[in-house]
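Participant:
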Ligand code: MRU
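In the numbering used here, the protein residues as written are 44 to 395.
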């Protein structure tokens with residue numbers, strides 16, 4: 044029988060806090076040395092926090108955007124939801140444009156649009172209830188995925204994760220990091236390795252800190268050490284999150300994920316993608332069609348604000364890549380586990 048997970052012990056960090064008046068975001072640009080909250084009072088504050096990565100991670104940006112719509116609604120009047128929907132559309136568009144790759148952003152905004160259209164005179168209350176529901180459902184999905192994913196891992200295993208997919212990237216508990224938390228709680232995982240995740244250092248700055256808050260030991264590696272680590276036999280699973288999963292199982296995630304999947308297959312290490320159903324985009328037939336965000340090359344040229352590259356050097360900074368579905372051993376969502384995803388198994392789980 045699976046061991047019960049003590050959530051209070053294994054999940055302390057919360058990145059998004061709605062006060063009833065304003066949205067407070069744990070500013071991920073300055074972690075781990077400064078724990079500061081950014082206060083957003085308008086939807087444009089939220090759009091800019093998403094764009095600048097103060098809040099980041101696919102589910103978290105969807106949740107933040109939903110609260111952004113609630114903030115936009117505070118600044119305008121309408122007699123019913125349909126009128127409000129029309130007036131709020133420009134704010135929704137600006138939120139949607141803040142980052143292109145994670146489908147959770149458009150998904151959350153579509154949910155907010157839908158309830159607005161159906162809302163009567165109480166449309167403000169309906170909107171706030173929907174933003175809250177998006178966050179509550181995300182936490183529940185993560186806990187469920189944690190149990191489903193951990194059940195795939197044999198006791199005594201080592202795992203490698205990439206980027207930050209934890210409480211910081213979600214409403215709480217995390218996706219891939221949720222599976223790792225559950226695996227630790229159930230004594231299945233003995234060793235955790237986290238890739239530093241150049242250039243923004245989500246693994247080094249965020250994952251290592253977040254796990255430390257919960258008393259979970261992890262060992263940091265340079266991204267370039269991953270294949271060598273796999274060769275030593277220390278890891279049995281690579282466990283990552285996703286920003287968009289296509290109808291054929293192709294998965295966009297943080298840059299570097301694709302090369303981990305290739306190295307994993309070469310070394311006989313299993314590869315698991317963990318994401319809520321809100322990350323699945325059945326309208327996207329395959330990965331080549333996903334828009335890959337490219338960020339300022341300046342992110343490549345320095346570390347912690349200190350320039351390490353000579354003047355006059357060019358850099359290219361795509362921040363996501365696409366792992367083909369056939370390199371993935373398991374996709375875990377709150378709806379269940381899909382082993383070796385294919386268009387057929389994806390359709391069976393998510394419809395068309
Ligand atoms: O650029 P980021 O930090 O937003 O990228 C985050 C990732 O790639 C995560 O792996 C993904 O969003 C899943 S988070 C649960």
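All C-beta atoms in this analysis are idealised placements derived from N, C-alpha and C, irrespective of residue type, glycine included.
Please read these numbers as outputs of a predicted model, since none were measured by experiment.
Determine the DSSP secondary structure at residue 84, reduced to helix, strand or coil.
Facilitator: Residue state, collapsed to three classes: coil.
Participant: Relative to the alpha-carbon of residue 171, which residue among 200, 109, 187 has its alpha-carbon at the smallest distance?
Facilitator: That would be 109, whose Cα lies nearest to the Cα of residue 171.
Participant: DSSP three-state call for residue 250: helix, strand or coil?
Facilitator: Helix, per DSSP.
Participant: Is residue 181 near ligand 1, going by C-beta to nearest heavy atom under 7 angstroms?
Facilitator: Incorrect: residue 181 has no Cβ contact closer than 7 angstroms to ligand 1.
Participant: Using only alpha-carbon positions, find the residue among 330, 270, 339, 340 that is nearest to residue 310.
Facilitator: Looking at the Cα atoms, 270 is the closest of the given residues.
Participant: Flag this pair as touching only if the stretch 194-202 and the stretch 268-282 have three or more C-beta atom pairs under 8 angstroms; answer yes or no.
Facilitator: Result yes; three or more Cβ-Cβ pairs closer than 8 angstroms.
Participant: Please identify the residue among 150, 262, 341 whose C-alpha is closest to the C-alpha of residue 356.
Facilitator: That would be 341, whose Cα lies nearest to the Cα of residue 356.
Participant: State the Cα-Cα distance for the pair residue 360 and residue 299, rounded to the nearest angstrom.
Facilitator: Going from the Cα of residue 360 to the Cα of residue 299 covers about 12 angstroms.
Participant: If you drop the 5 nearest sequence neighbours on each side, which residues of the same chain put their C-beta closer than 7 angstroms to that of residue 273?
Facilitator: Around residue 273: 306, 307, 310, 312.
Participant: Going by other Cβ atoms of all chains shown within 10 Å of its Cβ, with 16 needed for buried, is residue 99 buried or exposed?
Facilitator: Answer is buried; the Cβ neighbour count reaches 16.
Participant: For residue 255, does the three-state DSSP call read helix, strand or coil?
Facilitator: Looking at residue 255 - three-state DSSP - the assignment turns out to be helix.
Participant: Between which two residues does the alpha helix (DSSP H) harbouring residue 113 extend?
Facilitator: That run of the alpha helix (DSSP H) goes 101-117.
Participant: Could you please give the first and the last residue of the uninterrupted alpha helix (DSSP H) stretch that includes residue 158?
Facilitator: Segment 146-161, the alpha helix (DSSP H) holding residue 158.
Participant: For the stretch 313-369, which segments carrying the alpha helix (DSSP H) assignment without a break, of at least 4 residues, lie completely within its bounds, in sequence order?
Facilitator: Whole alpha helix (DSSP H) segments, 4+ residues: 341-344.
Participant: To the nearest angstrom, report how far apart residue 282 and residue 210 are at their CA atoms.
Facilitator: Going by the C-alpha atoms only, they are around 15 angstroms apart.
Participant: With distances taken between CB atoms, is the gap from residue 212 to residue 319 smaller than 8 angstroms?
Facilitator: No. Outside cutoff.
Participant: Could you check where the alpha helix (DSSP H) with residue 139 kicks off and where it finishes?
Facilitator: Residues 124-139.
Participant: Can you find a heavy atom of ligand 1 that lies under 7 angstroms from the Cβ of residue 101?
Facilitator: Yes; taking the cut-off as 7 angstroms, the Cβ of residue 101 has a heavy atom of ligand 1 nearer than that.
Participant: To test your reading of the DSSP string, which unbroken alpha helix (DSSP H) runs of 4 or more residues are found completely within the stretch 194-231?
Facilitator: With a minimum length of 4 residues, the continuous alpha helix (DSSP H) runs that stay inside the stretch 194-231 are 219-228.
Participant: Is the beta carbon of residue 214 sitting closer than 8 angstroms to the one on residue 254?
Facilitator: Cβ atoms of residue 214 and residue 254: not closer than 8 angstroms.
Participant: Let me see if you follow: with CB-CB separation under 8 angstroms, is residue 204 close to chain D or not?
Facilitator: Looking for chain D here will not work: only one protein chain is present.
Participant: Using the Cβ count rule (16 or more neighbours within 10 Å means buried), how would you classify residue 379?
Facilitator: It counts as exposed.
Participant: Within 10 Å of its beta-carbon, does residue 224 have 16 or more other beta-carbons around it, so buried, or fewer, so exposed?
Facilitator: Answer is buried; the Cβ neighbour count reaches 16.
Participant: So does residue 284 have its beta carbon nearer than 7 angstroms to some heavy atom of ligand 1?
Facilitator: Flag set: Cβ of residue 284 near ligand 1.
Participant: Would you list the residues sitting across from residue 60 in a DSSP beta bridge?
Facilitator: According to DSSP, which records beta bridges pairwise, residue 60 is partnered with 67.
Participant: Return the residue from the list 261, 385, 336, 339 that minimises the CA-CA distance to residue 371.
Facilitator: It is 385 whose Cα lies nearest to the Cα of residue 371.
Participant: Would residue 293 and residue 321 qualify as a contact pair, given that the criterion is a beta-carbon distance under 8 angstroms?
Facilitator: No.
Participant: State buried or exposed for residue 216, treating a residue as buried only when at least 16 other CB atoms are found within 10 Å of its CB.
Facilitator: Counting Cβ neighbours within 10 Å, residue 216 comes out buried, since at least 16 surround it.
Participant: Alpha carbons only, please: which of 352, 295, 369 is nearest the one belonging to residue 333?
Facilitator: Minimum Cα distance to residue 333 is reached at 295.
Participant: Leaving out five residues on either side along the sequence, give the residues of the same chain with a beta carbon under 8 angstroms from the beta carbon of residue 179.
Facilitator: Cβ neighbours of residue 179 beyond the five flanking positions: 214.
Participant: For my contact list, residue 249 and residue 74 are in at a C-beta cut-off of 8 angstroms; report their separation, rounded to the angstrom.
Facilitator: Their Cβ separation, rounded to whole angstroms, is 6 angstroms, which keeps residue 249 and residue 74 in contact under 8 angstroms.
Participant: What does the Cβ neighbour count give for residue 324, buried or exposed, with the cut at 16 atoms within 10 Å?
Facilitator: Buried, because 16 or more other Cβ atoms sit within 10 Å of the Cβ of residue 324.
Participant: Tell me, please, which residues DSSP counts as bridged to residue 166.
Facilitator: Beta-bridge pairing links residue 166 to no other residue.
Participant: Could you tell me which of 260, 364, 113 sits nearest to residue 288, measuring between CA atoms?
Facilitator: The option with the nearest alpha carbon to residue 288 is 364.
Participant: To which residues of the same chain is residue 95 closer than 8 angstroms at the C-beta, ignoring the five residues directly before and after it?
Facilitator: Only 72 meet the Cβ criterion.
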